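Sequence order for the protein chains is P and V.
Just so we're aligned, residue 87 is where the first sequence starts under the working numbering, counting upward by one.
Just so we're aligned, residue 2 is where the second sequence starts under the working numbering, counting upward by one.
The structure under discussion appears below in the form of structure tokens.
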Amino acid sequence: MEAAAIKDGEEALAAALLGIDDVKGAVVWRLGGVPVASWKREYASPVAGRMLAALFGGLEKGVEDMGFGHISQLWWQSDDVQCIGFRVGEWQVLVLADTRLDIAGLRTRVAETVAGYWDESKTSNQEEAD
Amino acid sequence: MSPRELLTQARESFDAGHIDESSHVVEYLLGSFPDYYEARLLRGLSFERSANAAEAADEAAFVLDVDPANATALLLSARLARNRGDDEHSRLLWLRVAEIDPAHPDLRSATDGFDHSATITAATLGYSYMRHGWPELAERQFGAAVESNSGRIDLRLGLAEAVWSAGHFEESRHHCRTVLDHHPNCLKALLIMAHVLTEVGRTNHGAELLEKAAQLDPDYWLARQMYGRLEFDRVRVPGPPVVAPPPVEPAPEAAADQVEEPPASAPEKSIPASEIETADEPDVSSAAEVLYPSESEDTAIGLDQVAPDSETAPSSPDVPEPVILDVEPDADAADRAGADDPKAEAGPASEVERATAHARAGDWVRAIKLITMYSRGGEIEAWEAALTEICDMDSAPREAWEALGDLYMRMSRPQNASEAYGRAIEARSGGGGDQGR
Numbered sequence: 087m088e089a090a091a092i093k094d095g096e097e098a099l100a101a102a103l104l105g106i107d108d109v110k111g112a113v114v115w116r117l118g119g120v121p122v123a124s125w126k127r128e129y130a131s132p133v134a135g136r137m138l139a140a141l142f143g144g145l146e147k148g149v150e151d152m153g154f155g156h157i158s159q160l161w162w163q164s165d166d167v168q169c170i171g172f173r174v175g176e177w178q179v180l181v182l183a184d185t186r187l188d189i190a191g192l193r194t195r196v197a198e199t200v201a202g203y204w205d206e207s208k209t210s211n212q213e214e215a216d
Numbered sequence: 002m003s004p005r006e007l008l009t010q011a012r013e014s015f016d017a018g019h020i021d022e023s024s025h026v027v028e029y030l031l032g033s034f035p036d037y038y039e040a041r042l043l044r045g046l047s048f049e050r051s052a053n054a055a056e057a058a059d060e061a062a063f064v065l066d067v068d069p070a071n072a073t074a075l076l077l078s079a080r081l082a083r084n085r086g087d088d089e090h091s092r093l094l095w096l097r098v099a100e101i102d103p104a105h106p107d108l109r110s111a112t113d114g115f116d117h118s119a120t121i122t123a124a125t126l127g128y129s130y131m132r133h134g135w136p137e138l139a140e141r142q143f144g145a146a147v148e149s150n151s152g153r154i155d156l157r158l159g160l161a162e163a164v165w166s167a168g169h170f171e172e173s174r175h176h177c178r179t180v181l182d183h184h185p186n187c188l189k190a191l192l193i194m195a196h197v198l199t200e201v202g203r204t205n206h207g208a209e210l211l212e213k214a215a216q217l218d219p220d221y222w223l224a225r226q227m228y229g230r231l232e233f234d235r236v237r238v239p240g241p242p243v244v245a246p247p248p249v250e251p252a253p254e255a256a257a258d259q260v261e262e263p264p265a266s267a268p269e270k271s272i273p274a275s276e277i278e279t280a281d282e283p284d285v286s287s288a289a290e291v292l293y294p295s296e297s298e299d300t301a302i303g304l305d306q307v308a309p310d311s312e313t314a315p316s317s318p319d320v321p322e323p324v325i326l327d328v329e330p331d332a333d334a335a336d337r338a339g340a341d342d343p344k345a346e347a348g349p350a351s352e353v354e355r356a357t358a359h360a361r362a363g364d365w366v367r368a369i370k371l372i373t374m375y376s377r378g379g380e381i382e383a384w385e386a387a388l389t390e391i392c393d394m395d396s397a398p399r400e401a402w403e404a405l406g407d408l409y410m411r412m413s414r415p416q417n418a419s420e421a422y423g424r425a426i427e428a429r430s431g432g433g434g435d436q437g438r
């Protein structure tokens, strides 16, 4: 039951992030969990979301091992997309968006969506507990 | 059960503080696999708990001969050195662990506040790069570390593995030969040599080395881990042997009742482990009953290869000979176990075993059905071993690689996960009757 709720939560958050304008895809996972991805259009591989999550995790572990602390935010840009990554507690989020999008605005909207989901999630969990 | 599953059971008992129970399983396991180094390590830790320092030191030395970079064995040696007042040696061993595995859970408590994070050396970086799958960078660091400390065999082994992982097989062979000159039982060096020799066509010599490795690691667990990371390899790794569960340890009063009884004789034929009477020494039970997959009859571990060595044999001369049964975990057996009906969980084989059996038989549709339904559940170690073996097969489909990647993500091993997902992208689906890439 708990596992199902967590899974739904990841899928709901990924879908909410995909609702942001010009966002092409979102990947959400918890530490020690399997990533869930949501895409606006078909990408070359269905494994893409999980692959991105694993690459992010590898970078994060490497940085930690070198004693540089924990990555809380990450941004990269390629020819086609830009990607912003967040860590909120045990939750990790990656959002891929069009390169035309202003990074500061995207970051704010992603942070708001995650924060809103976080509050909703806590409220509904509390209601279920009551 | 595989030897590794039994070992996990013993380790869990040990961690829960049930030392007698753990020792019972370990001795049972060592009855059949006297050089199983991970079981020897657990026995060493038990000896330490029972204040038997000399025996514990012997076991730690054995393990470090097999695996010179084994952090748990190094920490055990460090604690033993400190207890006998050799603080300098103890400190050197702690520093070595800090280089090999700075996140080891026992390191901080063992060093009592000693700040090992301040000492980042070439070896630290070499081990770190290897953990994260950057062998080319690791090679550079290990090379520098070996130059400044040529006596450290673990560094030479690290260099050999880095060079091998980067695909420079001949150079790696040279380093492995140096390691094996000093540590002929070094498991990783044996496995690298087995692979390199097989790749250059010396398959018989490679198989001999693999057989020697099986004495130290009967599940071929490390072999699967190492070979599974290669793009391709020609080494045929046999399936793990199947071991009957250990006989139930008699209750203290039952054991007392048996004191006057004549000792039980060794079984002549296959007898279920639960029916094997325990002798009057409850801690040293019968040897494990071993079943080998007959599909790999030509390459399976023979008992002569795991026969107790006079120097390393366990202390029980009364251990009966293990019994080999001709039982094959083939696809038909998996069917009988109810692989078609995912709900038939009460079958004689677990989902892990059934999935593996189907994959070995090339029936990917049924293997994938089991993998996708069950590999996200418990039994993480068992699934890791099974999926590593399955993905090592030439025709492993995309779904198997994806499941392996997911498993690594759950184990917080993202670098391994990205490699598995990368292979998934390259592989073809096997779920729709597509038999291979």
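Where is the CB? At the ideal position from N, CA and C, for every residue including glycine.
Since this is a predicted model, take the numbers as computed values, not measurements.
Close beta carbons around residue i, own chain, < 7 Å, minus the five adjacent residues each side
{"i": "residue 383(V)", "result": "6, 353"}
{"i": "residue 410(V)", "result": "418"}
{"i": "residue 202(P)", "result": "none"}
{"i": "residue 107(V)", "result": "76"}
Delimiting residues of the beta strand (DSSP E) encompassing residue i
{"i": "residue 366(V)", "result": "Segment 365-375 is the alpha helix (DSSP H) holding residue 366(V); no beta strand (DSSP E) there."}
{"i": "residue 170(P)", "result": "167-174"}
{"i": "residue 155(P)", "result": "Residue 155(P) -> no beta strand (DSSP E), and no H or E assigned at all."}
{"i": "residue 124(P)", "result": "122-125"}
is_contact[residue i, chain P] using C-beta, thresh 9 Å
{"i": "residue 407(V)", "result": "yes"}
{"i": "residue 105(V)", "result": "no"}
{"i": "residue 416(V)", "result": "yes"}
{"i": "residue 166(V)", "result": "no"}
{"i": "residue 391(V)", "result": "no"}
{"i": "residue 1(V)", "result": "Summary: the structure shown does not reach residue 1(V), with chain V confined to residues 2 through 438, and so no result is reported for it."}
{"i": "residue 403(V)", "result": "yes"}
{"i": "residue 227(V)", "result": "no"}
{"i": "residue 268(V)", "result": "Residue confidence for residue 268(V) is low, a pLDDT of 36 falling below 50, so the modelled location carries little weight; the figure read from the coordinates is stated next. So, not an interface residue."}
Among the options, nearest to residue i - alpha-carbon criterion
{"i": "residue 69(V)", "options": "49(V), 359(V), 132(V), 181(V)", "result": "181(V)"}
{"i": "residue 140(V)", "options": "153(V), 169(V), 121(V)", "result": "169(V)"}
{"i": "residue 39(V)", "options": "163(V), 24(V), 143(V), 200(V)", "result": "24(V)"}
{"i": "residue 86(V)", "options": "54(V), 175(V), 28(V)", "result": "54(V)"}
{"i": "residue 398(V)", "options": "380(V), 374(V), 412(V), 427(V)", "result": "427(V)"}
{"i": "residue 376(V)", "options": "404(V), 150(V), 33(V), 422(V)", "result": "404(V)"}
{"i": "residue 367(V)", "options": "400(V), 385(V), 11(V), 386(V)", "result": "400(V)"}
{"i": "residue 415(V)", "options": "121(P), 107(P), 102(P)", "result": "121(P)"}
Distance, residue j Cα to residue i Cα
{"i": "residue 231(V)", "j": "residue 179(V)", "result": "23 Å"}
{"i": "residue 125(V)", "j": "residue 101(V)", "result": "6 Å"}
{"i": "residue 429(V)", "j": "residue 162(P)", "result": "30 Å"}
{"i": "residue 355(V)", "j": "residue 408(V)", "result": "18 Å"}
{"i": "residue 96(P)", "j": "residue 418(V)", "result": "19 Å"}
{"i": "residue 402(V)", "j": "residue 226(V)", "result": "14 Å"}
{"i": "residue 90(V)", "j": "residue 79(V)", "result": "7 Å"}
{"i": "residue 115(P)", "j": "residue 422(V)", "result": "16 Å"}
{"i": "residue 425(V)", "j": "residue 248(V)", "result": "42 Å"}
{"i": "residue 72(V)", "j": "residue 188(V)", "result": "15 Å"}
{"i": "residue 394(V)", "j": "residue 361(V)", "result": "8 Å"}
{"i": "residue 369(V)", "j": "residue 396(V)", "result": "13 Å"}
{"i": "residue 100(P)", "j": "residue 199(P)", "result": "10 Å"}
{"i": "residue 161(V)", "j": "residue 241(V)", "result": "26 Å"}
{"i": "residue 131(V)", "j": "residue 221(V)", "result": "21 Å"}
{"i": "residue 328(V)", "j": "residue 244(V)", "result": "Confidence in residue 328(V) is poor, its pLDDT being 32 and thus under 50, which makes the residue's placement too unreliable to answer from."}
{"i": "residue 279(V)", "j": "residue 29(V)", "result": "In this predicted model, residue 279(V) has a pLDDT of only 33, less than 50, meaning its place in the structure is not dependable; the value taken from the coordinates is given anyway. Cα to Cα, the separation comes out at about 11 Å."}
{"i": "residue 106(P)", "j": "residue 385(V)", "result": "38 Å"}
is_contact[residue i, chain V] using C-beta, thresh 9 Å
{"i": "residue 136(P)", "result": "yes"}
{"i": "residue 141(P)", "result": "yes"}
{"i": "residue 151(P)", "result": "yes"}
{"i": "residue 146(P)", "result": "yes"}
{"i": "residue 197(P)", "result": "no"}
{"i": "residue 133(P)", "result": "yes"}
{"i": "residue 171(P)", "result": "no"}
{"i": "residue 117(P)", "result": "yes"}
{"i": "residue 120(P)", "result": "yes"}
N-terminal and C-terminal residue of the alpha helix (DSSP H) that residue i is part of
{"i": "residue 184(P)", "result": "Taken as a continuous stretch (DSSP letters only), residue 184(P) belongs to no alpha helix (DSSP H), being part of the beta strand (DSSP E) at 177-184."}
{"i": "residue 135(V)", "result": "No alpha helix (DSSP H) holds residue 135(V); DSSP gives it neither H nor E."}
{"i": "residue 166(V)", "result": "154-166"}
Sequence-distant residues of its chain with Cβ nearer than 8 Å to residue i (five each side left out)
{"i": "residue 75(P)", "result": "The first residue shown for chain P is 87 and the last is 216, placing residue 75(P) beyond what the model contains."}
{"i": "residue 169(P)", "result": "138, 160, 161, 162, 163, 180, 181, 182, 183"}
{"i": "residue 389(V)", "result": "225, 226, 229, 405"}
Beta-carbon proximity list for residue i, same chain, < 6 Å, skipping 5 on both sides
{"i": "residue 58(V)", "result": "81"}
{"i": "residue 166(V)", "result": "136"}
{"i": "residue 16(V)", "result": "none"}
{"i": "residue 171(P)", "result": "142, 160, 180"}
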